[in-house]
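In terms of our numbering, the sequence shown is residues 29 to 383.
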Amino acid sequence: MSLSLSDLKNNFNSKLQNLQTETQLKDLQEEYLGKKWLLKGILAGIKDLSNQEKKTIGVESNTLKEYILQELQKKSAEIQATRIQKQIESETLDVTAQFPSRSLGHKHPISITTELLEDIFISLGFRVEDGPQIETEKFNFDMLNIPDNHPARDVWDTFWISDDINSQRKPGDKYLLRTHTSPVQVRTMLREELPIKIIVPGRVFRYEQEDARHTCNFYQLEGLVVGEGVTFWDLKWTLDTAMKSLLWDQTKTRFRPSIFPFTEPSAEVDVSCQICNGTGKIAEKNCSMCSGTGWVELLGSGMVHPFVLEWCGIDPEKYSGFAFGMGIDRIAAQRFGVSSSRAFYQSKLKLNEQF
Ligand code: DAH
């Protein structure tokens, strides 16, 4: 009989060893300790035994029952622990995991150039000013001494805001996309006390035929200094210094007489072409940036016209000022050696990623 008990124990042990799930465990428990538990069969056969034998088997089978119970509990704990461990592993968040690298992009060459220009002019004592891109005829033209029908208006081919809106507005109040940053000169002079020393970087719009140097939308940087005793010499020194620190210290500047309605006298400022080093040629061909001249026109400038000062409430007998306006796109093209500033608007990553 005790052999049968030990058989039972061995069978149990080997079944227990192969067991993996909680359901299998329950089945095994049912098999050994449930209603029809196997020990029952053994105990049924002991009625013919002597009292002493009955006692021994009773004790042994109780011990086996205890053993089975304990082993089942141990196994259950084991199975649960494995399940929880697996779950933890599958749900773990590895905060140190490396993600596939994602390109964050970077600044556009025009933004880089604008910030450089701002830094240079701020170091020369200027402050950055801003103005609206949708402007009125009055600020974009009239107050700058460019009245209606003045031939100079043709220079700035204009995007006017639609007739639906403009036909209901008086001349002067009609809306347009600003053709230059110069209207911010007027807005600032009307609003602020003297002395004024500002730069105005911003976007401007022209109804243009596009080519290597012209686009319908581009960026300008305007400058204005008004106060007592401001001279043309101050203008020359400021621009020459700014261009040398912007491009390279050997950059040459050239002032050519010019005409702008809002400055008198006026000058256009050229810098020696950085693409062809001022030679006008690249591989025996005319440089497309400077059209073979060796010079690139970067700026318009001059002494603020007395009319403009007066219309802004500033006494031209007592005060004077200089102003300038430059194309940021062209400066960016010069600085980065890009032969066509139109390339800046073509969203070509290959170009932008170089800077
Ligand atoms: N506003 C002019 C243009 O867009 C550029 C310019 C010329 C600005 C002379 C100035 C200036 O302030 O003095 O062509």
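The beta carbon of each residue, even a glycine, is placed where N, CA and C say it ideally should be.
Looking at residue i and the ligand DAH, is the gap between the Cβ and the nearest heavy atom below 6 Å?
i, result
"F149", "no"
"T321", "no"
"T266", "no"
"G353", "yes"
"T142", "no"
"G328", "yes"
"T291", "yes"
"H208", "yes"
"F288", "yes"
Can you tell me whether DSSP reads residue i as helix, strand or coil?
i, result
"G365", "coil"
"D35", "helix"
"S30", "Low local confidence applies: a pLDDT of 48 at S30 is under 50, so the model's placement there is unreliable, and no value is given."
"Y247", "strand"
"P229", "strand"
"S294", "strand"
"D268", "helix"
"P199", "coil"
"G73", "coil"
"F283", "strand"
"V258", "coil"
"L275", "coil"
"F383", "coil"
"F47", "Residue identity differs from the one stated: residue 47 is Leu in this sequence, not Phe. If DSSP states are grouped into helix, strand and coil, L47 belongs with coil."
"L252", "strand"
"L222", "coil"
"G355", "strand"
"S42", "helix"
Would residue i be called buried (16 or more neighbouring beta carbons within 10 Å of its own) or exposed?
i, result
"Q45", "exposed"
"Q115", "exposed"
"A371", "buried"
"G341", "exposed"
"D185", "exposed"
"P128", "exposed"
"V123", "exposed"
"S294", "buried"
"K225", "buried"
"K202", "buried"
"A105", "exposed"
"R358", "buried"
"T291", "buried"
"Y347", "buried"
"P199", "exposed"
"L31", "Here L31 scores only 49 on pLDDT, less than 50, and its place in the model should not be relied on; the value that follows carries that caveat. Exposed, by the Cβ-count rule."
"L218", "exposed"
"T49", "exposed"
"H178", "exposed"
Using a Cβ cut-off of 7 Å (strictly closer), state whether residue i contacts chain B.
i, result
"L218", "Structure shown: chain B not included; a single protein chain is present."
Problem set entry | Complete runs of the alpha helix (DSSP H) confined to the segment 118-191 [at least 4 residues] | With a minimum length of 4 residues, the continuous alpha helix (DSSP H) runs that stay inside the segment 118-191 are 137-151, 165-168.
Exercise. Mind pulling the alpha helix (DSSP H) runs of 4 or more residues that sit fully within the segment 296-350?
Worked result: Fully enclosed alpha helix (DSSP H) runs of 4 or longer: 334-339.
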